[in-house]
Structure formats: C-alpha cells, structure tokens
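In this note's numbering, the protein residues as written are 3 to 148.
In this text, a Cβ means the ideal position worked out from N, Cα and C, and glycines have one as well.
To start, the structure under review is shown below, and the notes come after it.
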Amino acid sequence: ARKRGIPMIESWAVPFLFTWWFNSNSVDYEETYGLDTKKFSYSELLNLKKEINLATYQALLPKVFTMPGVREKYDREPGAFEEMMAGNIGARSFTPFVRITADFLSVDVIFSGILDIKPKNLAPNLKGFDYINMEVQEANLISNTI
C-alpha cells in the first residue's frame with residue numbers, strides 16, 4: 003500500500019473507539035509499532051515462521067496497551083496481559099467492540115477517505131472515545147510506553 007500510495011486505515015477492537023490513517027502525511031506503520039518489516043515482500047510476510055509472527059505480535063500488543071485506559075480494562079484479570087505477551091493465550095477482544103469498531107471504520111472510510119469531509123486522524127496521534135468512561139482521549143502512540 004505504501005509503495006503504491008494507497009492509504010491504510012486501522013483500528014483495534016478495544017474499549018477505546020478510534021481509527022487512524024497511515025498515508026504519505028503520517029508516520030509509517032513500521033515506525034508506529036517499532037517493526038523491522040520493510041525489507042519483506044507481501045508474500046514473505048504471509049509465510050513468516052511462527053517465531054517471527056510471535057515477535058511481531060509482541061511488538062504490536064504493547065502499543066495497543068498504551069492507549070488511554072486499555073491496559074487497566076484488560077488487567078482486571080490478573081496475568082492476562084503477561085499471558086498474551088508470552089503467546090500462551092490469544093489477544094482478547096471485547097466482543098461488542100468488534101461490531102462497533104467495524105461500523106466506525108466504515109463510517110471513517112466513507113466520510114474521511116472517500117468524501118473527504120471529515121479530517122483523517124493520522125498515526126501516531128490517537129483521538130478516540132473511551133466508551134466505558136464516556137470521554138474523548140488523545141495520545142501519541144509513539145511517545146507512549148508501558
């Protein structure tokens with residue numbers, strides 16, 4: 003997508019409703035998540051060994067947990083974060099947020115991506131809605147650490 007100038011939109015199904023865009027005006031995906039994957043082709047990425055996939059997973063997940071309030075919501079079950087990071091259990095989602103996130107992504111694609119009447123939220127800057135606490139949150143994901 004980057005090589006062809008195709009923008010990418012992303013979100014995570016966590017109790018923090020957001021979308022952010024990766025395009026020529028944002029930092030790139032690899033920089034945001036601290037990944038060293040630019041050297042791989044798409045087909046190479048599809049066929050990565052399990053160990054490399056786990057390492058990538060372990061790079062992505064901590065960033066998700068730096069989103070405002072997300073780790074606290076997952077840590078209500080002691081040890082869940084550590085078990086996910088070790089690869090012993092899969093990433094947990096809050097099922098209702100999967101649907102809400104899908105809806106939000108489609109709305110953002112239409113109004114930000116196609117019609118261009120809503121500004122794009124560019125990575126690494128997050129601006130989203132904490133659904134549990136009913137408040138808007140902002141953060142820069144690159145500067146956030148666990």
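Going by DSSP, Leu47 is part of no beta strand (DSSP E) but of the alpha helix (DSSP H) stretching over Tyr44 to Leu48. With 16 or more other Cβ atoms from the protein chains shown falling within 10 Å of its own Cβ, Ala125 counts as buried.
Taking 8 Å as the cut-off, the Cβ atoms of Ala61 and Tyr35 count as close. Counting only unbroken stretches of 4 or more residues, the alpha helix (DSSP H) elements lying wholly within the region 8 to 37 are 31 to 35, in sequence order. Spatial neighbours of Lys120 in its own chain (CB-CB distance under 6 Å, excluding positions within 5 residues in sequence) are listed in chain order as Phe113 and Ser114.
CA-CA distance, Glu74 to Tyr44, rounds to 35 Å.
Within the DSSP bridge table, the entry for Asp132 names Phe18 and Glu137 as partners.
By the Cβ test, the region 135 to 146 is not in contact with the region 73 to 89, since fewer than three Cβ pairs between them sit closer than 8 Å. Here Leu63 carries a helix assignment [DSSP, helix/strand/coil].
Looking at the DSSP output, Asn142 bridges to Asn127. With 16 or more other CB atoms across the displayed protein chains lying within 10 angstroms of its CB, Gly130 is buried. Distance check between Val109 and each of Leu37, Phe20 and Leu50 places Phe20 closest, using alpha-carbon atoms only. Per the C-alpha coordinates, the member of Glu12, Pro17, Trp23 and Arg6 positioned closest to Thr97 is Pro17. With fewer than 16 other Cβ atoms from the protein chains shown falling within 10 Å of its own Cβ, Ser26 counts as exposed.
It is roughly 36 Å from the alpha-carbon of Arg6 to the alpha-carbon of Ile91.
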